[in-house]
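Residue numbers (my numbering), protein chains in the order written: chain P, -1 to 122; chain C, 82 to 495.
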């Protein structure tokens, strides 16, 4: 049977075939990189730490506003890059970097499917 | 590469040859002559970088090294070594048992000996054994498992016997790289029973830690009492080679104590999320120190960010607690932060920063006010240049204090 990291990698590989997704990674909720499909010049350690703290901060912020459900995703945008972080169970976060001029709806759909799979793999 | 000293500052010049790999040298004190070390890796991880690093360590310390190579050509081997920043020099000699398989003609040079017919057991054996006698301090075989694939395990076993005899009589040592492709256990065990030390290299998936580790399984030259070998996480970094790796070390403490300054001074690529001089989400930096690599996560100090502390502390394996030596009134907050990050009880080193400022408490006073257990190490740090301190930027701290702190914590972590 494939190891967890192999299974996670294959989820990311499938995601990368969706148009507009430039890179992706699974990081732990406390900021450690687990698997990634990213350009070589990106430092996955810094990236994971920052993304996890974004998600953590957003979670605290949304709770303080009285949100009844858990945080689903955090989006950060610039003109050339959009980063989406989706909760994948309690321990992991799926992050994808996308071209902002693509079919965002489809990407969100695919990423939420993928995050469910990741949550399942993490539970094994 | 700088001389490897290890965390105790013990020079490796007393022993030859050495691994040049942090932790391994500290645990095993190098590779004594007449000994055979087998490094057994699972296929997904690979052990070739261990070979590169051991070779580089020794050729740069003046040890003549012979490499028996059947995994790849000498040219691509040397290119790969170079990518890890391990250039060859005149002490490196290679026996090429690869080119003959591919049919590419390889010319003998002073540093590359060629086995013309790698399918010929006798030629392989006699050429290697004869060559070891020419004054080499270390023989490296990359890869020994390929020999077993190519011929069979009984050849591998008898070859190992011959190597053992030869290195004993010529005061040499050997490192065999072995990839375990799921061979029959009794064959592998038989090989292992004949070596002096076995080091295992494998992948690990524990909770959210996905990585690679090495562990000493056996070593007959370290006294049994001192055999406290544990699994050690590592990363193979290009350039740089094998680094013992700590995925998360927390840096916490009250506001304005110097957490960001510590992280920026200790690491080469620190990143901060800060506004007007105070950290608001976290600092992150990667530290390379004496063959170790660690990712430092720094928390904000202000209380309004406390909801983030638990996330930042998760999976941390050690803590630097930074306090301002002039502000004892913040010490209760420092201890509270250990609790809030849920890192109370982990190995901790206390950093008493700003130790040279007016009103700074002495070490003993700080220990007493923090109620520190006598086993906890306290290190004082000071700014490199007080005139350059800018309240809105991390301050550069003096290297001596930083290194003392890193060394004190890393020692406790492995």
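We treat Cβ as the ideally placed atom computed from N, Cα and C, and that holds for glycine. For clarity, every value in this text was computed on a predicted model and none was experimentally measured.
- Proximity of the region 314 to 327 of chain C to the region 450 to 467 of chain C falls short of the contact definition, fewer than three beta-carbon pairs being nearer than 8 Å.
- Residue 447/C places its beta carbon 9 Å or farther from that of residue 403/C.
- When secondary structure is reduced to three states using DSSP, residue 330/C falls in the strand class.
- Annotated as proximal: residue 338/C and residue 434/C, with beta-carbon spacing under 9 Å.
- Residues of the same chain with a CB within less than 7 Å of the CB of residue 144/C, apart from the 5 flanking positions on each side, are 97, 98, 172, 218 and 219 in chain order.
- Taken through DSSP and simplified to helix, strand or coil, residue 120/P comes out as helix.
- A straight-line Cα-Cα distance of about 45 Å links residue 457/C and residue 159/C.
- Between residue 475/C and residue 342/C, the CB-CB gap stays under 9 Å.
- Per DSSP, reduced to three states, the secondary structure at residue 452/C is coil, with no helix or strand assignment.
- By the criterion of at least three beta-carbon pairs nearer than 8 Å, the region 119 to 129 of chain C is not in contact with the region 200 to 210 of chain C.
- Using a C-beta cut-off of 8 Å, the region 1 to 12 of chain P makes contact with the region 22 to 33 of chain P, since at least three inter-stretch Cβ pairs fall below that distance.
- The three-state secondary structure of residue 43/P, taken from DSSP, is helix.
- For residue 352/C, the chain P residues whose Cβ falls inside 9 Å of its Cβ are 41, 44, 47 and 48, in order along the chain.
- Residue 294/C and residue 163/C have their C-alpha atoms some 23 Å from each other.
- With respect to chain C, the C-beta atom of residue 92/P has no partner C-beta closer than 9 Å.
- Within the region 266 to 284 of chain C, 284 place their CB atoms closer than 9 Å to a CB of chain P, listed in sequence order.
- In the three-state DSSP reduction, residue 181/C falls in the helix class (H, G or I).
- Within the region 393 to 466 of chain C, the complete beta strand (DSSP E) runs of at least 3 residues fall at 399 to 405, 429 to 434 and 458 to 461.
- Assigned with DSSP and collapsed to three states, residue 230/C falls in helix.
- In terms of Cα proximity to residue 489/C, the closest of 401/C, 421/C, 449/C and 452/C is 401/C.
- Three or more beta-carbon pairs separated by less than 8 Å are not found between the region 266 to 281 of chain C and the region 134 to 148 of chain C, which leaves the two stretches without contact.
- Residue range 19 to 26 is occupied by the beta strand (DSSP E) that includes residue 23/P.
- Using a 10 angstroms sphere on the CB of residue 137/C, the tally of other CB atoms reaches 16 or more, which defines it as buried.
- Between residue 72/P and residue 95/P, the alpha-carbon positions lie close to 12 Å from each other.
- Contact between residue 286/C and residue 2/P holds: their C-beta atoms lie close to 5 Å from each other, under 8 Å.
- Taking a beta-carbon distance threshold of 9 Å, residue 389/C counts as an interface residue toward chain P.
- Here the alpha carbon of residue 417/C sits roughly 42 Å from the alpha carbon of residue 280/C.
- Exclusion of the five residues before and after residue 352/C leaves 365 as the residues of its chain whose Cβ lies within less than 6 Å of its Cβ.
- Residue nearest to residue 264/C within the set 139/C, 290/C and 234/C is 234/C (criterion: CA-CA distance).
- Taking the Cα of residue 322/C as reference, the smallest distance to any Cα among 118/C, 306/C, 374/C and 301/C is reached at 374/C.
- According to the DSSP assignment, residue 161/C belongs to the alpha helix (DSSP H) that extends over 155 to 164.
- Following the DSSP letters along the chain, one finds residue 169/C in no alpha helix (DSSP H), marked with neither H nor E.
- Residues of the region 67 to 93 of chain P with a C-beta less than 8 Å from any C-beta of chain C: 89 and 90, listed in chain order.
- Counted as a single uninterrupted DSSP element, the stretch harbouring residue 343/C is not any beta strand (DSSP E) but the alpha helix (DSSP H) occupying residues 340 to 347.
- Non-local beta-carbon contacts of residue 315/C in its own chain, meaning distances under 7 Å to residues more than five positions away in sequence, involve 293, 294, 295, 323, 324, 325 and 326 in chain order.
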